[in-house]
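Below: the structure, in structure tokens.
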Amino acid sequence: MEYLFKIFRYDPLEDEHPYFQDFFFETKEKKSLLEALMEIRNEQDSTLAFRYSCREAICGSCAMVFNGNFDLACRIELQALESSTIVIEPLPNLEIQKDLVVDMEPFWEALSQIKPYLYPDKKIQEEGHRIEEKEMEKIFQYINCIMCGCCYSVCPVVSRDERYLGAAALAKLYRFVKDPRDKRPFSHLLGVNTEGGVWGCDTIFKCNEVCPKEVRPADGIEALRRKLVVEKIKRIFGFRR
Amino acid sequence: MISQDILVVGGGLAGLAAALSCDPRLNVAVVSKVHPLRSHSVAAQGGINAALGNNPEGRDDNWEKHAFDTIKGSDYLADQDIAEVMCQKAVSTIYELEYLGVPFSRFPGGFIAQRPFGGAGFPRTCYAADRTGLVILHTLFEQSIKKQVKFYNEWLVTKLVVKDGKCLGVVVYDLATGQIMPVKARAVIFATGGYGRVYSRTTNAYINHGSGIGIAYKAGVPLKDMEFVQFHPTSLLGKNILITEGARGEGGYLVNNKGKRFMDDYAPSAMELAPRDIVARAIQTEVDKENGFDKQYIHLDLRHIGEEKIKKRLPGIREICINFAGIDPVDTPIPVQPAQHYSMGGIDVNEKCASLVEGFFAAGECACLGVHGANRLGGNSLLDTAVFGKISGDEASVYVKGSEGTESSEKILLEEALEVKARIEEWEKRSSGKRVHRLLDRLKVVMSERVGIFRKKKDLTEALAKISELKEDYERVYLSGKCLRYSQELVNLIEFDSMLDLAEVITLGALNREETRGSHYRLDFKERNDKVWLKHTLATWKEGKPQISYAGVNISKYKPEARKY
Ligand SMILES: Cc1cc2nc3c(=O)[nH]c(=O)nc-3n(C[C@H](O)[C@H](O)[C@H](O)COP(=O)(O)OP(=O)(O)OC[C@H]3O[C@@H](n4cnc5c(N)ncnc54)[C@H](O)[C@@H]3O)c2cc1C
Ligand code: SF4
Ligand code: SF4
Ligand code: FES
Chain A
553 MEYLFKIFRY DPLEDEHPYF QDFFFETKEK KSLLEALMEI RNEQDSTLAF RYSCREAICG
613 SCAMVFNGNF DLACRIELQA LESSTIVIEP LPNLEIQKDL VVDMEPFWEA LSQIKPYLYP
673 DKKIQEEGHR IEEKEMEKIF QYINCIMCGC CYSVCPVVSR DERYLGAAAL AKLYRFVKDP
733 RDKRPFSHLL GVNTEGGVWG CDTIFKCNEV CPKEVRPADG IEALRRKLVV EKIKRIFGFR
793 R
Chain E
15 MISQDILVVG GGLAGLAAAL SCDPRLNVAV VSKVHPLRSH SVAAQGGINA ALGNNPEGRD
75 DNWEKHAFDT IKGSDYLADQ DIAEVMCQKA VSTIYELEYL GVPFSRFPGG FIAQRPFGGA
135 GFPRTCYAAD RTGLVILHTL FEQSIKKQVK FYNEWLVTKL VVKDGKCLGV VVYDLATGQI
195 MPVKARAVIF ATGGYGRVYS RTTNAYINHG SGIGIAYKAG VPLKDMEFVQ FHPTSLLGKN
255 ILITEGARGE GGYLVNNKGK RFMDDYAPSA MELAPRDIVA RAIQTEVDKE NGFDKQYIHL
315 DLRHIGEEKI KKRLPGIREI CINFAGIDPV DTPIPVQPAQ HYSMGGIDVN EKCASLVEGF
375 FAAGECACLG VHGANRLGGN SLLDTAVFGK ISGDEASVYV KGSEGTESSE KILLEEALEV
435 KARIEEWEKR SSGKRVHRLL DRLKVVMSER VGIFRKKKDL TEALAKISEL KEDYERVYLS
495 GKCLRYSQEL VNLIEFDSML DLAEVITLGA LNREETRGSH YRLDFKERND KVWLKHTLAT
555 WKEGKPQISY AGVNISKYKP EARKY
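Taken in order, these protein sequences are the chains called A and E. First residue of the first sequence? That's 553 in our numbering, and the numbers climb one at a time after it. First residue of the second sequence? That's 15 in our numbering, and the numbers climb one at a time after it.
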């Protein structure tokens, strides 16, 4: 089967504008989109730049957009695609460093802003926490996140408001808030009680649709909103312990 | 010039554990050729060993038994004192990881859950379903955010600079800018992982070229026990993505084309949970006897385990099977075959993770402390990265605080960087020659066909000849794409140098070692020979060639005996 790849090319130091370059790619075997890109690079143009590592949809390196879909190139099988023309673009909402390589810095910066680490109970250091599986199950959905950035780059709010933290970071915050071992003070959540935080989200759930690991990060955003509202009501009525 | 007290190379588990344990008053940074979360550690599935005794069947477990299993599993090539250190520290290491936030799976009562793994007398492998590596790596990365660890991502280290037996720093290729730069450091810790991609069938990530090991070797640090290459019994047919030993730990069967659980013929009491070298050989033997499917694979059958348990304990495996093989293990057996998986050998370091070069340390898969001997047990590598990663950070800190800088180091570092640059310019100037990806493909075939699970003199000798041909061809490589920014071709060109050295050292060690031990199986020397070969192989780069020597094994408590399972 022969495929036509139309690949986004841009070297900000050399090119005035981005452009699409055509590559023909023929294969009889089953190939992933990532394998096809690697072969195109090796055989046709070794300056073609893109990221990859694990080839098994767990490291989060190879997120990109093909024919308008956000996904991991390593888990997409060419043969399963409907069309033999494949348009490949880098993740939007992030600056392009070269071709399909984007600058993920704002994404990592958003993550570090939410204090993405456990606030453990200081007393139990020796033997670790004792927690039933049932309790831990509440966060399983969120620990599947591989930080691929699909949700961040599909998000319409990220694209128009640079303050907005995006779905992955907020879902990560919820992963900790919901962790039965986490003792972070409620005041820490006030940092996301803003337009740049949970109230920025327009709840159209594009992020949930594109997430390759079925994290449904916007569930976390909604849950954080509920928590903030409930706590506020509790405070107003003086129920706060 | 960028200058650090301690420079950690590698952002996988060993690297992050090292960085987190360095003295916070020192100026520490982590260099990695990919963002830390993209490191191969993220793919670890099955779990991490510690004798917590939480499993009802593991109540009598303790660290001594863990140490014994590790030593027996190593076919007695492990240094027993160091294996003991690892197993002794295992329990507190797990609780520390838990305390930092790792969401381990749990048993009723809220205890950390433990599953049986190969070669272990008790169920002692702690896990988080089958994404143990993901959750531990993310947790340590999150701790690095908390501790504000400095990262230089997408920097490839190309050279370790050593002068008069003392480490001065490294030379890096910065992918984003295309620049070659020296980085000064009073201590350098390599945590650069394994070299799986020297083989065609491997469970390792595409980026696992093993250049760290090769770079240390070229800087004069000996490599230890490199001929011991672990082949994992069960990788998914085709892409060779790992199917964790945990799948057998949860009760999975290995079945041949006659519908027989053939492990009965090889390890009648441990069955599917014999150590990896034994199971991998059994599978390959079945395939070679035409008892496999399509002359390539056998079945890993999980169907009897039931949908609920598969979804709960092995969700990642199920996802991999659906994504990459189009089958659901709930109702279809998984086609599996052995593949290269782990390197028992590596940079020769002592119990402090220190090498013979002053100020140069190594930890994790790239290092060889001698804990895994001739065969590593499943679940012991994550433990190794956590325990020795930490020790390397502690020891490097102690070293830096007690040492003085070298005055002329900047000048030497600059010269070394210029040398690297000159080499790249030469590749750039050439308009034709050999393409590195083709050489790499050839190397992989040589290693898989001749230095694989079963070895013999003729194959190994031929492999060495082919490796020298490849070395000659490497002299004529060129850079076809003339842009140095984000050039994967350049990365490959630089790392291939190391891959050739590793291939040579692995093969030479294997050729010399005329016995069978652990993962090293010689068809022409089928017995273990303790009289002659109970010793570590050391390979040192001298005058452009590996020079082989041997070193004793620490045998304290456990006298070598026949290994039966
Ligand atoms: C699929 C799979 C599953 C596994 N499952 C388990 C398990 O369940 N239990 C277990 O105990 N073990 C398991 N292992 C083994 C274990 O995961 C690895 O041995 C361990 O994670 C290695 O960690 P590391 O930190 O040493 O190296 P890695 O995680 O490979 O990290 C290496 C780091 O070094 C960097 N690097 C390499 N070279 C350079 C260079 N030249 N310049 C700059 N940076 C460089 C890389 O960017 C990376 O950050 C598994 C292995 C595989 C392949
Ligand atoms: S639901 Fe919220 S976070 Fe998700 S894409 Fe829409 S705006 Fe972005
Ligand atoms: S939530 Fe999903 S899409 Fe977003 S970073 Fe995590 S894995 Fe990727
Ligand atoms: S290469 Fe790791 S997610 Fe695709």
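Backbone N, C-alpha and C fix where the C-beta goes; we use that ideal spot for every residue, glycine too.
DSSP-derived helix/strand/coil call for residue i
i              : result
residue 318(E) : helix
residue 793(A) : At residue 793(A), the pLDDT of 48 sits below 50, so the modelled position is not reliable and the matter cannot be decided from this model.
residue 381(E) : strand
residue 583(A) : coil
residue 594(A) : helix
residue 694(A) : helix
residue 558(E) : coil
residue 244(E) : strand
residue 135(E) : coil
residue 757(A) : coil
residue 140(E) : strand
residue 616(A) : strand
residue 579(E) : coil
residue 589(A) : helix
residue 164(E) : strand
residue 734(A) : coil
residue 546(E) : helix
residue 396(E) : helix
residue 171(E) : strand
Integer Cβ distance of residue i from residue j, believed to fall under 8 Å
i              : j              : result
residue 488(E) : residue 522(E) : 18 Å between Cβ atoms; not a contact.
residue 413(E) : residue 379(E) : Not confirmed; about 22 Å, so no contact.
residue 386(E) : residue 92(E)  : 6 Å
residue 381(E) : residue 361(E) : 5 Å
Residues that residue i contacts on chain E, provided the C-beta gap is smaller than 8 Å
i              : result
residue 720(A) : Per Cβ cutoff of 8 Å: no residues; residue 720(A) is ~12 Å from chain E at best.
residue 672(A) : 113, 114, 115
residue 679(A) : 109
residue 771(A) : Simply none; closest approach about 17 Å.
residue 563(A) : 497, 499
residue 616(A) : Result: empty, since nearest Cβ-Cβ is about 14 Å, beyond 8 Å.
Residues bridged to residue i [DSSP beta-bridge criterion]
i              : result
residue 181(E) : 176(E)
residue 194(E) : 187(E)
residue 203(E) : 22(E), 375(E)
residue 125(E) : 121(E)
residue 16(E)  : 197(E)
residue 564(E) : 551(E)
residue 623(A) : 616(A)
Closer than 8 Å at the beta carbon, the chain A residues around residue i
i              : result
residue 166(E) : Going along chain A, no residue has its Cβ under 8 Å from residue 166(E), so there is no contact; the nearest lies around 13 Å.
residue 502(E) : 593, 598, 601
residue 451(E) : 594
residue 324(E) : The premise fails here: residue 324(E) is roughly 15 Å from chain A at the closest Cβ pair, so nothing lies under 8 Å.
Per-residue contacts from residue i into chain E (C-beta, under 7 Å)
i              : result
residue 609(A) : 337
residue 583(A) : Within 7 Å Cβ-Cβ: nothing; residue 583(A) doesn't reach chain E, min ~10 Å.
residue 604(A) : 220
residue 688(A) : 117, 120
Proximal chain A residues relative to residue i, where beta-carbon distance stays under 9 Å
i              : result
residue 159(E) : 660, 663, 664, 667, 668, 669
Within chain E, partners of residue i - CB distance below 9 Å
i              : result
residue 612(A) : 49, 51, 52, 56
Interface partners of residue i on chain A, CB under 7 Å
i              : result
residue 124(E) : 682, 683, 684
residue 253(E) : 607
residue 156(E) : 668, 669
Review point. What residue ranges within the segment 454 to 510 of chain E form continuous alpha helix (DSSP H) runs of no fewer than 4 residues, ordered along the chain?
Key: 471 to 488
Review point. Along the chain, which unbroken stretches of the beta strand (DSSP E) at least 3 residues long are found entirely within the segment 323 to 392 of chain E?
Key: 348 to 357, 360 to 362, 374 to 376
Review point. In chain order, which beta strand (DSSP E) runs of at least 3 residues are fully inside the segment 553 to 582 of chain A?
Key: 554 to 561, 571 to 578
Practice item. Entirely within the segment 630 to 691 of chain A and at least 4 residues each: give me those alpha helix (DSSP H) ranges in chain order. Key: 657 to 665
Check your understanding: Which ranges would you report for the beta strand (DSSP E) in the segment 245 to 321 of chain E if only whole runs of at least 3 residues count?
Key -> 267 to 269, 312 to 315
Point to revise | Any alpha helix (DSSP H) of 4 or more consecutive residues that is wholly inside the segment 412 to 447 of chain E | key: 423 to 443
Exercise for review: With a floor of 3 residues, list each beta strand (DSSP E) that falls wholly inside the segment 32 to 111 of chain E, ordered by position along the chain.
Suggested key: 42 to 46
Check your understanding: Which ranges does the beta strand (DSSP E) cover as unbroken runs of at least 3 residues, wholly within the segment 209 to 245 of chain E, from first to last along the chain?
Key -> none
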